[in-house]
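**Student:** Structure below; questions to follow.
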Amino acid sequence: MRIKKARQAIENFSTNPSVSTTIYPMTLTTSLDAALTSDTSNNISTSDMSSFASSSSSALLKVSDLHTHFATDRGELRAVDGVSFSLDHGSTIGIVGESGSGKSVTVRSIMNILPRNVGLQAGEVIFEGENIQDLTGPEAKHFWGVKMSMIFQDPMTSLNPVVKVGRQITESLRYHLKMSRPEASARALELLELVGIPEARRRLSEYPHQLSGGMCQRITIAIALSCQPKLLIADEPTTALDVTVQKQILDLLDRLQIDQKMAMILITHDLGVVAGRADEIAVMYAGRIVEKAATTDLFASMRHPYTQALFESIPKIEHRSHTRLRAISGQPPDMTNLPTGCSFSPRCRYAQERCLTEKPPLEADPVNTNRSYACFYPVNTPAGEEALSVNIKHGKSAAGLDMSREGLEGVSLSGDGIGGGGLIDDGDGIGGGGLGEMADEDLEGMDG
Amino acid sequence: MTRLVTLKLIRLVPVMFLVSVLTFSLLEVAPGDPALTIMGDNPPCPSLIEQELVAEYGEETDISLLCTQAVYQSVRERFNLDDPIWERYLIWLGNAVTGDLGIRLTNQSFTVLEGIQQTFPVTLQIAIFSMGLALLVSIPMGVWAAFHQGKGFDRLSGGSSFAIISIPSFLIGLLLIFFFVWRPWMLRNVVLIFAMIWVAWLLWSALKRIVSRMVSGSEAGAHATTDFVLAATVALVALGLFFWWPDFPRQGFSRWTSDEGILENFRTAFLPALTVALTEIAVFTRLLRSDIIATLQEDFILSARARGFSNRRIMFRHALRPSSFSLITLAGVAFGRALGGTVIVETIFRLPGMGRFIVDQGVRLNDYTVVMGGVLVLTTAVVLLNTGVDIAYYYLDPRIRRGRR
Ligand SMILES: Nc1ncnc2c1ncn2[C@@H]1O[C@H](COP(=O)(O)OP(=O)(O)O)[C@@H](O)[C@H]1O
Ligand code: SF4
Ligand SMILES: [Mg+2]
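Line order of the protein sequences matches chains A and U.
Quick note, the first sequence lines up with residues 16 to 463 if you use the numbering used here.
Quick note, the second sequence lines up with residues 458 to 862 if you use the numbering used here.
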């Protein structure tokens with residue numbers, strides 16, 4: 016059912032966004048005196064979930080040509096370089112890519128929590144028809160953390176270590192929703208029960224260090240849900256957790272998303288995690304989306320060589336757990352010094368001369384317009400097959416990638432068992448279907 | 458709470474034992490002889506001894522040397538100086554515990570305790586004032602510098618901190634005397650000029666806000682109001698200071714219990730306290746600034762920002778407490794130093810404090826009981842202070858609560 020909704024989303028999404036790039040000065044940190052004086056009156060209605068049904072025809076979130084560049088010592092770093100996507104009410108988009116591909120910076124731009132050293136911020140983020148940069152006053156004050164909220168990678172460090180869990184939950188309720196102390200406490204208790212924390216009442220008066228990582232992540236989820244957001248952004252929510260806990264948290268997010276009727280951006284470096292959970296997947300490489308498609312379409316047949324490489328690095332059910340998998344060949348790109356042509360070309364098995372000089376634009380597939388990719392020689396197409404066979408014949412790609420090594424490794428993914436495989440078979444307990452359950456922390460060079 | 462305090466106090470017992478042993482051994486390791494101190498330079502020969510000596514050696518012998526020797530012996534006997542050391546230690550300790558620190562050797566009509574009772578409150582007050590002043594000034598400055606990291610104020614405060622830290626405290630005292638006592642008009646005018654610049658800047662930015670509001674129709678008007686309020690406050694304070702500039706005495710001290718009243722007490726305590734505080738302000742500000750900057754890099758600050766809290770709230774509710782641990786530790790140390798090391802300040806400002814009591818009445822005159830009593834009281838105060846810091850730590854940082862009980 017959600018997949019259907021995702022399809023709808025894709026239809027809404029114009030694959031060739033003709034949105035002009037508006038460059039606006041982004042206020043990164045509201046000045047102190049602005050914080051001092053902003054109006055404290057409340058105009059949040061928490062129960063406007065009804066709008067969910069009526070407005071499902073237009074997207075909840077529409078990101079157009081988002082740019083976030085940093086000024087670094089080594090020059091300009093385009094962490095996000097023209098990202099566009101849209102998200103329907105109640106649906107999920109998975110953003111997948113290696114560490115450093117710009118996933119976090121993308122959502123931090125949306126959440127308005129970028130660091131100070133941002134050089135350029137451009138693009139449009141439209142939430143419920145309104146440009147979030149136009150928000151002012153109390154509307155802006157009670158937007159982030161209310162309408163959209165976010166959970167982070169490491170739950171142990173994203174909670175304040177010196178504040179009791181209960182107060183961390185009630186703080187949002189009191190600050191944004193102006194609840195009284197007893198109201199907020201009661202609601203906090205409800206939230207803890209909602210996210211499945213046993214002995215909720217006792218937990219309220221505990222400190223984060225007294226809880227396990229999984230418990231802490233449940234608490235950060237409870238905090239994120241406290242103001243009933245319409246969009247939840249989860250930035251690698253399970254990467255820092257035990258394998259056994261990962262599935263629990265992902266399932267919890269799934270359940271809550273349906274219960275609370277919220278949309279979700281699920282970020283991961285592991286295609287397996289989003290496989291059974293996202294309606295749509297956007298694959299990011301070097302600050303750009305290189306392939307975007309409905310989840311089922313993507314897994315049925317992928318077009319971008321990078322997506323394929325990512326896919327090949329997912330641990331498969333039939334593998335022993337803790338089997339080390341092949342990492343994608345080559346080094347992750349130097350973001351301050353990207354190749355002139357396709358950013359992926361130095362690592363691409365399909366790369367031809369054209370890839371070294373021209374940047375492939377993100378374009379809709381001529382056959383299935385629901386999917387788009389940025390590649391001149393897409394996988395599973397005649398052009399791609401030919402490019403690959405030419406490269407294999409030459410023994411190397413146009414960018415000089417050694418194809419003989421590539422070929423060998425490409426044949427068998429079943430793991431060479433480098434990493435002391437099978438010592439602890441904790442994969443069994445959770446390996447009940449779907450690729451996500453096998454989320455493995457052993458992916459070399461791919462951990463976010 | 459009571460359990461924690463009891464436990465901490467029980468832990469103090471061995472520490473205090475060590476302190477008492479070390480203090481007592483001062484008597485043994487210090488050069489000189491307590492008996493000679495008690496006798497003074499030219500001890501008169503008591504007639505009783507004189508008669509005995511004359512009876513033994515006859516009128517013709519010069520008995521002054523013999524007399525001195527006899528007096529020396531009798532002093533050593535009277536003060537049990539020839540008893541075994543541990544016996545003397547136990548007696549001294551027993552007395553000290555009951556509050557009897559002995560009589561002053563050089564001025565035997567006064568007890569050491571009386572001297573301490575008179576001077577310790579002065580030292581304590583200066584220490585408390587200077588620490589309060591240092592924290593009061595350095596916390597907002599540290600927060601502001603961290604918030605505007607790398608900007609004008611941060612760099613200015615960084616530069617002046619290093620300058621102040623490198624000035625020895627006696628020089629700071631003398632400089633303060635020069636400006637506050639001898640050239641008050643200079644300070645007065647400088648304060649007024651700075652305040653005027655500040656007010657002008659505030660009004661200018663308020664004006665800019667109003668204009669931009671008229672142009673863009675946004676809601677920046679409220680911010681302009683704060684600017685006006687702040688500008689008015691600054692102007693009032695500066696004018697008040699200009700017309701009623703307080704003048705500070707060059708030296709001397711008026712106790713708050715005296716007839717002059719508490720205001721006079723503040724007036725006399727201000728410059729000495731500022732002398733001690735200035736260095737600490739510089740150190741505290743820099744320390745707090747860098748700790749806050751480190752805290753602001755933490756994930757939980759990022760997630761607080763993602764929760765939509767204002768920067769001010771994040772700074773004061775989320776970042777300040779976890780950033781204050783090393784400041785608390787350092788403030789404890791500084792407080793101890795202020796208690797024990799104010800002799801320079803007390804000398805410059807001629808305060809009847811404990812530092813001068815120990816140095817002038819004890820060390821200079823070889824008055825061992827004064828030194829021992831003074832040192833014992835100061836070390837006890839410092840040890841208690843550290844215990845207080847420990848307890849404060851316990852409340853500030855829940856993470857240590859498990860292991861360190
Ligand atoms: N504050 C910053 N200053 C400079 N570069 C940054 C900053 N934050 C992130 N980057 C760079 O931006 C790129 C994208 O980072 P990020 O979005 O965190 O990647 P990921 O996909 O792993 O979440 C990386 O190359 C990273 O080094
Ligand atoms: S085939 Fe060319 S365009 Fe496509 S990913 Fe490889 S290098 Fe880039
Ligand atoms: Mg990341």
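For every residue, glycine included, the Cβ atom is placed at its ideal position computed from N, Cα and C.
Does the Cβ of Q323(A) have 16 or more other Cβ atoms within 10 Å, making it buried, or fewer, making it exposed?
**Tutor:** Locating residue 323(A) in the first sequence gives position 308, counting from the first residue. By the neighbour-count rule (16 or more Cβ atoms within 10 Å), Q323(A) is buried.
**Student:** Would you list the one or two residues that DSSP bridges to C76(A)?
**Tutor:** Here residue 76(A) corresponds to residue number 61 of the first sequence, with the count starting at 1. Reading the sequence as shown, one finds Leu at residue 76(A) and not Cys. For L76(A), which the question treats as bridged, DSSP gives the partners L102(A), F142(A).
**Student:** Can you tell me which of G109(A), C390(A), F100(A), Q272(A) puts its alpha carbon nearest to the alpha carbon of V210(A)?
**Tutor:** Taking the first sequence and counting its residues from 1, one reaches residue 210(A) at position 195. Looking at the Cα atoms, Q272(A) is the closest of the given residues.
**Student:** Determine whether the beta carbon atoms of G109(A) and L281(A) lie at a separation below 8 Å.
**Tutor:** In the first sequence, counting from the first residue as 1, residue 109(A) sits at position 94. In the first sequence, counting from the first residue as 1, residue 281(A) sits at position 266. In this structure, L281(A) lies closer than 8 Å to G109(A) by Cβ.
**Student:** Would you call the segment 585-595 of chain U and the segment 843-852 of chain U in contact, with 3 or more CB pairs under 8 Å?
**Tutor:** no
**Student:** Measuring from the CB of F85(A), is there a heavy atom of ligand 1 at a distance below 7 Å?
**Tutor:** Taking the first sequence and counting its residues from 1, the one referred to as residue 85(A) is at position 70. Yes, since a heavy atom of ligand 1 falls inside the 7 Å radius drawn around the Cβ of F85(A).
**Student:** Using a Cβ cut-off of 7 Å, which residues of the segment 108-131 of chain A contact any Cβ in chain U, in chain order?
**Tutor:** M126, I128
**Student:** In terms of DSSP beta bridges, what is M299(A) paired with?
**Tutor:** Mapped onto the first sequence, residue 299(A) falls at position 284. The partner list for M299(A) (beta bridge, DSSP) reads I304(A).
**Student:** Along the chain, where does the alpha helix (DSSP H) that runs through L416(A) open and close?
**Tutor:** Your numbering for residue 416(A) matches position 401 in the first sequence. Looking at the DSSP string, L416(A) is not in any alpha helix (DSSP H), and its letter there is neither H nor E.
**Student:** Could you spell out where the beta strand (DSSP E) holding L246(A) opens and where it closes?
**Tutor:** If you number the first sequence from 1, residue 246(A) lands on position 231. In this chain, the beta strand (DSSP E) harbouring L246(A) covers 246-250.
**Student:** Among the candidates S521(U), M496(U), D498(U), whose CA atom is the shortest distance from the CA of Q508(U)?
**Tutor:** Taking the second sequence and counting its residues from 1, the one referred to as residue 508(U) is at position 51. Checking every option, the nearest Cα to that of Q508(U) belongs to S521(U).
**Student:** Rounded to whole angstroms, what's the CA-CA distance from M277(A) to A761(U)? Just pull it up for me.
**Tutor:** By 1-based counting over the first sequence, the position of residue 277(A) is 262. By 1-based counting over the second sequence, the position of residue 761(U) is 304. Roughly 21 Å between the two C-alpha positions.
**Student:** I'd like to know whether the C-beta of E755(U) is nearer than 8 Å to at least one C-beta of chain B.
**Tutor:** Among the protein chains of the structure shown, namely A and U, there is no chain B.
**Student:** Identify whether I467(U) lies in helix, strand or coil by the three-state DSSP scheme.
**Tutor:** Taking the first residue of the second sequence as position 1, residue 467(U) is located at position 10. Three-state DSSP puts I467(U) in a helix.
**Student:** Taking the C-alpha atoms as reference points, what is the distance between E327(A) and F314(A)?
**Tutor:** Residue 327(A) sits at position 312 when you count from the first residue of the first sequence. Residue 314(A) sits at position 299 when you count from the first residue of the first sequence. Cα to Cα, the separation comes out at about 11 Å.
**Student:** Within the present structure, is the beta-carbon of H319(A) separated from the nearest heavy atom of ligand 2 by less than 7 Å?
**Tutor:** Stepping through the first sequence from its first residue, residue 319(A) is reached at position 304. Under cutoff, so the answer is yes.
**Student:** Is there contact here, the segment 766-786 of chain U with the segment 741-758 of chain U, by at least three beta-carbon pairs under 8 Å?
**Tutor:** The answer is yes - the segment 741-758 of chain U touches the segment 766-786 of chain U, with three or more Cβ pairs under 8 Å.
**Student:** Are the segment 657-664 of chain U and the segment 606-617 of chain U touching, with three or more C-beta to C-beta distances below 8 Å?
**Tutor:** no
**Student:** When the distance is taken between beta carbons, is K307(A) closer than 8 Å to F100(A)?
**Tutor:** Indexing the first sequence from 1 puts residue 100(A) at position 85. Indexing the first sequence from 1 puts residue 307(A) at position 292. The answer is yes: Cβ separation under 8 Å.
**Student:** At a cut-off of 7 Å, is L353(A) close to ligand 1 when judged by its beta-carbon and the heavy atoms of the ligand?
**Tutor:** If you number the first sequence from 1, residue 353(A) lands on position 338. L353(A): no, Cβ never under 7 Å from ligand 1.
**Student:** Secondary structure at E373(A), three-state DSSP: helix, strand or coil?
**Tutor:** Within the first sequence, residue 373(A) is the residue found at index 358, counting from 1. If DSSP states are grouped into helix, strand and coil, E373(A) belongs with coil.
**Student:** Run the proximity test for A94(A): is its beta-carbon closer than 7 Å to any non-hydrogen atom belonging to ligand 1?
**Tutor:** For this step, residue 94(A) is matched to residue 79 along the first sequence. Yes, since a heavy atom of ligand 1 falls inside the 7 Å radius drawn around the Cβ of A94(A).
**Student:** How long is the line joining the alpha carbons of Q183(A) and M230(A), rounded to whole angstroms?
**Tutor:** The residue you call residue 183(A) lines up with position 168 of the first sequence. The residue you call residue 230(A) lines up with position 215 of the first sequence. Whole-angstrom Cα-Cα distance: 14 Å.
**Student:** Closer than 7 Å: is that where the CB of D250(A) sits relative to any heavy atom of ligand 3?
**Tutor:** Against the first sequence, residue 250(A) aligns to sequence position 235. Yes; taking the cut-off as 7 Å, the Cβ of D250(A) has a heavy atom of ligand 3 nearer than that.
**Student:** Just list the beta strand (DSSP E) runs in the segment 80-135 of chain A, keeping only unbroken ones of 3 residues or longer that don't cross its boundaries, in chain order.
**Tutor:** 90-102, 107-111
**Student:** For a test of the three-state rule: what should DSSP assign to S173(A), helix, strand or coil?
**Tutor:** Stepping through the first sequence from its first residue, residue 173(A) is reached at position 158. Three-state DSSP puts S173(A) in a helix.
**Student:** Spatial neighbours of F766(U) within its chain, please: CB distance less than 8 Å, with the 5 preceding and 5 following residues excluded, ordered by chain position.
**Tutor:** Start at 1 with the first residue of the second sequence, and residue 766(U) comes out as number 309. Excluding residues within five positions, the ones whose Cβ falls inside 8 Å are R774, H775.
**Student:** So, does the CB of D490(U) fall closer than 8 Å to a CB anywhere in chain A?
**Tutor:** By 1-based counting over the second sequence, the position of residue 490(U) is 33. Not one chain A Cβ lies under 8 Å of D490(U).
**Student:** Check the Cβ of N174(A) against every Cβ in chain U and list those closer than 9 Å, keeping chain order.
**Tutor:** Sequence index remark: in the first sequence, residue 174(A) carries index 159 (1-based). Before going on, a small fix: residue 174(A) reads as Leu here, not Asn. The answer, in chain order, is D756, F757, S760.
**Student:** Got a sec? Which residues, its chain only, sit under 6 Å from S119(A) by beta carbon, not counting five neighbours each side?
**Tutor:** Translated into the one-based positions of the first sequence, residue 119(A) becomes position 104. Cβ neighbours of S119(A) beyond the five flanking positions: D250.
**Student:** Can you determine whether any heavy atom of ligand 2 sits closer than 7 Å to the C-beta of C370(A), and answer yes or no?
**Tutor:** Reading the first sequence from its first residue, position 355 is the one you call residue 370(A). Flag set: Cβ of C370(A) near ligand 2.
**Student:** Which same chain residues, not among the five before or five after A692(U), have their C-beta less than 7 Å away from its C-beta?
**Tutor:** As a first step, residue 692(U) must be located in the second sequence, where it is residue number 235. Closer than 7 Å at the Cβ level, and outside the excluded window around A692(U), lie A652, V656.
**Student:** Would you give the residue range spanned by the alpha helix (DSSP H) that S187(A) belongs to?
**Tutor:** Residue mapping note: residue 187(A) aligns to position 172 of the first sequence, counting from 1. Unbroken alpha helix (DSSP H) run through S187(A): 180-191.
**Student:** Which chain U residues sit within Cβ distance under 9 Å of M157(A)?
**Tutor:** Along the first sequence, one-based indexing puts residue 157(A) at 142. Correcting the residue identity first, residue 157(A) is His in this sequence and not Met. For the C-beta of H157(A), the chain U residues within less than 9 Å are, from N- to C-terminus, G765.
**Student:** At the 8 Å Cβ level, is V133(A) part of the contact set with chain U, yes or no?
**Tutor:** Reading the first sequence from its first residue, position 118 is the one you call residue 133(A). Closer than 8 Å: no.
**Student:** Pick helix, strand or coil for T799(U), following the three-state DSSP scheme.
**Tutor:** Counting from one through the second sequence, the residue named residue 799(U) turns up at place 342. Residue state, collapsed to three classes: coil.
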